[in-house]
Each structure stands twice: as structure tokens, then as C-alpha cells.
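Okay, so here's the structure we're looking at.
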Amino acid sequence: MNRPPYQVFADHIRLSLRLTPNSGRDAIEGIEADADGLALLKARVTAVPEKGKANKALIALVAKRLGIAKSNISLISGETARKKILRIDGDTEDLCLRIDRMAAEG
């Protein structure tokens, strides 16, 4: 799979993920393709999927791994689904490099 799990816009990136909540650890586990061939970054968090706890944990995990503030990340799709889209505001070129590195490190 050669497509990245994100789309680049003028002032932000939209990152597509598949979240596994209630896991044994918080982790990013590389990239996979869904049934439609869409690239998704695989993530897991220990938080339970109730009252937005897993979504908040996901944002915190991504922010920590990218070295950016949580306030630069917002959930734009998938509030109650496993497939999610995050909007990440900032320098898109730098963010692309950081996401690529994060995905490769797993």
C-alpha cells in the first residue's frame, strides 16, 4: 500500500484511523487498508469507549507521538465508530513527515 493515511489541505491534515479501545496498552501500530482500500493508521488505547473517553485518549496519544498540543487536534468524523478522522492543524509539510515517521515506527 503506497497511499498515506492522511489528506493534506492548506492549513491542516485529515488523518484516518482505526481505533481499538479498551486495549491493554496505548499504541500506534502502523498502517492497514480497510475493505475499500482506504489507508488507516491503526491505534489502540486503554480507555473504554464510553462518554468520549477513548476519543480523548486517542487525541492525547496522537498529540504525544507527533509532539504537538492536543488543542491542535479535533475529531471530525467517527465519534462512536472504530474508523475515525482527525483534523490536525499546523504546518502540513512538517505534520506529514511526523505522521510518516510515527506510522513507520509503529
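In the working numbering, the protein residues as written are 6 to 111. Using N, Cα and C, we set each Cβ at its ideal position, and we do this for glycine too. Because the structure is a prediction, the values reported are computed rather than measured.
Exercise. In angstroms with no decimal places, state the Cα-to-Cα distance between LEU100 and LEU71.
Key: For the purposes of this step, residue 100 is taken as the residue at position 95 of the sequence shown. For the purposes of this step, residue 71 is taken as the residue at position 66 of the sequence shown. Those two C-alpha atoms are separated by around 8 angstroms.
Quiz prompt | Limits of the unbroken alpha helix (DSSP H) element including VAL53 | solution = Indexing the sequence shown from 1 puts residue 53 at position 48. Counting along the chain, VAL53 falls outside any alpha helix (DSSP H), and DSSP gives it neither H nor E.
Quiz prompt | Segments assigned beta strand (DSSP E), at least 3 residues, entirely inside the region 52-108 | solution = 78-82, 88-94
Exercise. Return the CA-CA distance between ARG8 and ASP94, expressed in angstroms with no decimal places.
Key: Translated into positions along the sequence shown, residue 8 becomes position 3. Translated into positions along the sequence shown, residue 94 becomes position 89. C-alpha separation (whole angstroms): 21 angstroms.
Exercise. Can you grab the Cα-Cα spacing for the pair SER21 / THR85, in whole Å?
Key: Against the sequence shown, residue 21 aligns to sequence position 16. Against the sequence shown, residue 85 aligns to sequence position 80. Distance between the alpha carbons of SER21 and THR85 is about 14 angstroms.
Practice problem: Would you mind reading off the limits of the beta strand (DSSP E) that contains GLY35? | Solution: Translated into positions along the sequence shown, residue 35 becomes position 30. GLY35 -> beta strand (DSSP E) spans 32-38.
Quiz item: Near ILE87, which residues of its chain fall below 6 angstroms by C-beta distance, leaving aside the five closest residues on each side in sequence?
Solution: For the purposes of this step, residue 87 is taken as residue 82 along the sequence shown, with counting starting at 1. According to the sequence shown, residue 87 is Arg rather than Ile. Contacts found: ARG23, LEU24.
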